[in-house]
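In this note's numbering, the protein residues as written are 1 to 334. Think of the CB as a built atom: it goes at the ideal place given N, C-alpha and C, for glycine as much as any other residue. Okay, structure first, notes after.
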């Protein structure tokens, strides 16, 4: 740690990176990150543990703790979720992990290698989230602890292991057919609710099938729609397989926090072709949200952002914001 991360003036390299972050987040909110502190050994260990978990038989998976809205921890079986509710259930399964010590993950029936990988991933992502939050504040020319001071307990943050097994090419919506909401895809159209998301990509297939769509502002909180137009494939520059790669995207809460100076990014995962349908795909997402008791308020510097007209969003507690968005998505009480 040096420069801004050590409480000193930022180094020229930190200033350069922060300017790149600001440019990308104002344009579309999806960036590629390397040299972020993860060893190739940790990356490979995490993906091997994920593959071993998802390779379990259905009978073995039935013994895993099942995810619920109340805990947001455990196994989400294949075709058990549909984030875009106009589509059939998604062609994926997942396993969610929460951060200790505020949460204790019940890893009943998980392979031992999975449990040991979880023990290493949690502290790594805590440190990375703090560093990236500092970089975001530097990028926006506000106090460098403006975001990071809300990351103490990490009680709303989640690591999600994702597995997209081989699927029936004739059933799934291809990239050309993705506008047809009667067909399932691997993950439906959505924007993330929180501040930002780290997506660790597998070295063998990268972000295959991941597509993004810029939105105006970001206070869309997971709403879908517009499935037919404006989608772009996420591609990476040539990167050696021995270099871990993250894709980072901003969420609706960060758009709100910055008065829509930064964009939330709608995204989805489609089945690109018959070859992609025939093989498994893995990724690991880490969703970063401010602590539940944190007050999310727009800094006065952003009063002229988001089209002008002053600050558009009232301060709100992080947990209240999340509950509001979940209520909207699930149409509770309507």
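Straight-line Cα distance separating residue 313 from residue 256:
Your numbering for residue 256 matches position 256 in the chain shown. Your numbering for residue 313 matches position 313 in the chain shown. Computed Cα separation, rounded: 7 angstroms.
So for residue 3, helix, strand or coil by DSSP?
Working through the chain shown from its first residue, we reach residue 3 at position 3. If DSSP states are grouped into helix, strand and coil, residue 3 belongs with the helices.
Could you check the C-alpha separation between residue 144 and residue 16 for me, to the nearest Å?
Here residue 144 corresponds to residue number 144 of the chain shown, with the count starting at 1. Here residue 16 corresponds to residue number 16 of the chain shown, with the count starting at 1. Cα-Cα distance, rounded: 15 angstroms.
Using only the alpha-carbon positions, how far apart do residue 162 and residue 93 sit?
Taking the chain shown and counting its residues from 1, one reaches residue 162 at position 162. Taking the chain shown and counting its residues from 1, one reaches residue 93 at position 93. Going from the Cα of residue 162 to the Cα of residue 93 covers about 6 angstroms.
Stretch-stretch touch, CB-based, cutoff 8 angstroms, three pairs: the region 176-184 with the region 93-103
no
Which residues bound the alpha helix (DSSP H) around residue 40?
Numbered from its first residue, the chain shown carries residue 40 at position 40. 40-54 is the extent of the alpha helix (DSSP H) around residue 40.
State the CB to CB distance for the pair residue 45 and residue 200, rounded to an integer number of angstroms; the pair is presumed to be in contact (CB under 8 angstroms).
Stepping through the chain shown from its first residue, residue 45 is reached at position 45. Stepping through the chain shown from its first residue, residue 200 is reached at position 200. No, residue 45 and residue 200 are not in contact; Cβ-Cβ is about 12 angstroms, not under 8 angstroms.
Assuming residue 61 and residue 108 make a contact with CB atoms under 8 angstroms, what is their CB distance in whole Å?
Locating residue 61 in the chain shown gives position 61, where the first residue counts as 1. Locating residue 108 in the chain shown gives position 108, where the first residue counts as 1. Going by Cβ atoms, the distance from residue 61 to residue 108 rounds to 12 angstroms, so no, they are not a contact pair.
Could you tell me the boundaries of the beta strand (DSSP E) in which residue 125 lies?
On the chain shown, position 125 is the one that residue 125 refers to. From DSSP, residue 125 is part of no beta strand (DSSP E) but of the alpha helix (DSSP H) over 112-139.
Contact set for residue 282: own chain, Cβ-Cβ below 7 angstroms, skip 5 residues either direction
Indexing the chain shown from 1 puts residue 282 at position 282. These residues qualify, in order along the chain: 47, 50, 51, 162, 163 and 202.
Grouping DSSP H, G and I as helix and E and B as strand, with all else coil, what is residue 201?
One-based indexing of the chain shown puts residue 201 at position 201. Strand, per DSSP.
For residue 186, count neighbouring C-beta atoms within 10 Å of its own C-beta (all shown protein chains included) and say buried if the count is 16 or more, exposed if not.
Within the chain shown, numbered from 1, the residue matching residue 186 stands at position 186. Label assigned to residue 186: buried.
Starting from the C-beta of residue 220, find all residues in its chain whose C-beta is less than 7 angstroms away, skip the five residues before and the five after it, and write them out in chain order.
Your numbering for residue 220 matches position 220 in the chain shown. Any answer about residue 220 is weak, because its pLDDT of 39 lies below 50 and its placement is not dependable; what the coordinates show is given next. 191, 252 and 264.
Among the residues of its own chain, which have a CB less than 7 angstroms from the CB of residue 331, if the five just before and after it don't count?
To locate residue 331, count along the chain shown from 1; it is residue 331. For residue 331, the predicted model reports a pLDDT of 44, less than 50, meaning its position is unreliable and no value from the coordinates is stated.
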